[in-house]
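In what follows, a single structure is set out as structure tokens and then discussed.
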Amino acid sequence: MLVHDTVGTTRSQTEIEQIRESLQARYDELTGEYDQAVLQSQVLRLVEVGDTAGDDQADSGTKTAERDTAQSLLRTILDRRAQYEHALGRLEEGTYGWCEGCSAAIPVERLEIFPSATTCVTCKQTRERRAA
Numbered sequence: 001m002l003v004h005d006t007v008g009t010t011r012s013q014t015e016i017e018q019i020r021e022s023l024q025a026r027y028d029e030l031t032g033e034y035d036q037a038v039l040q041s042q043v044l045r046l047v048e049v050g051d052t053a054g055d056d057q058a059d060s061g062t063k064t065a066e067r068d069t070a071q072s073l074l075r076t077i078l079d080r081r082a083q084y085e086h087a088l089g090r091l092e093e094g095t096y097g098w099c100e101g102c103s104a105a106i107p108v109e110r111l112e113i114f115p116s117a118t119t120c121v122t123c124k125q126t127r128e129r130r131a132a
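Each residue of the sequence shown is one higher than the one before, starting from 1 at the first, in UniProt numbering.
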């Protein structure tokens with residue numbers, strides 16, 4: 001379990017360490033995914049450079065789409081990694097598990113499903129409605 005059953009109470013040092021280890025493990029996994037995606041992107045570019053002879057518009061379009069997909073994957077991984085980095089920072093500050101919007105406790109269930117959550121469900125829904 002990532003958080004104490006009663007969010008809002010003081011966590012023990014053991015609980016904090018368990019949360020830290022879990023967040024750090026996911027951060028490290030994302031770093032590995034990012035490194036692997038960068039390698040794949042570099043290989044893709046090398047193949048493109050060496051294999052452009054006889055390309056028609058469809059080939060060029062396919063290569064552009066593949067590049068765009070690779071770049072999108074890199075951005076997504078970096079964004080997710082930044083979320084975990086932020087969660088680790090909040091844990092150090094003592095604000096992990098509290099909503100950045102309204103300062104209410106984030107439900108345990110939400111943190112177990114989405115450990116890097118920074119808002120309660122209500123604030124998240126409000127943000128999504130405003131963005132739409």
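No residue lacks a Cβ here, since even glycine has one placed at the ideal position from N, Cα and C. Note that the structure is predicted; figures quoted are calculated from it, not measured.
Across the structure, Arg-67 and Ser-41 are spaced so that their CA atoms are roughly 8 angstroms apart. Take the alpha-carbon of Gln-71 and the one of Gln-13: they are about 40 angstroms apart. Looking only at Val-47, Val-108 and Gln-36, the smallest Cα-Cα distance to Thr-64 is reached by Val-47. Looking at the DSSP output, Ala-105 sits in a beta bridge with Trp-98.
A direct Cα-Cα distance of roughly 42 angstroms separates Trp-98 from Leu-44. Its chain contains Gly-101 and Thr-119 as the residues whose beta carbon lies nearer than 8 angstroms to that of Arg-127, once the 5 sequence neighbours on both sides are disregarded; these appear in chain order. The beta carbon of Arg-110 sits closer than 8 angstroms to those of Ala-117, Cys-120 and Val-121, all from its chain and outside the five residues before and after it, given in chain order. Between the C-alpha atoms of Leu-78 and Thr-31 there is a straight-line separation of about 8 angstroms.
Less than 8 angstroms separates the beta-carbon of Pro-115 from that of Ala-87.
Relative to the Cα of Ala-25, the nearest Cα in the group Val-38, Gly-61, Arg-81 and Arg-11 belongs to Arg-81.
Per the C-alpha coordinates, the member of Glu-21, Arg-11, Tyr-27 and Gln-18 positioned closest to Glu-85 is Tyr-27. Ile-19 is classed as buried because its beta carbon has at least 16 other beta carbons within 10 Å across all chains shown.
Taking Arg-11 as reference, the option from Ala-131, Arg-129 and Ala-105 with the minimal CA-CA separation is Ala-105.
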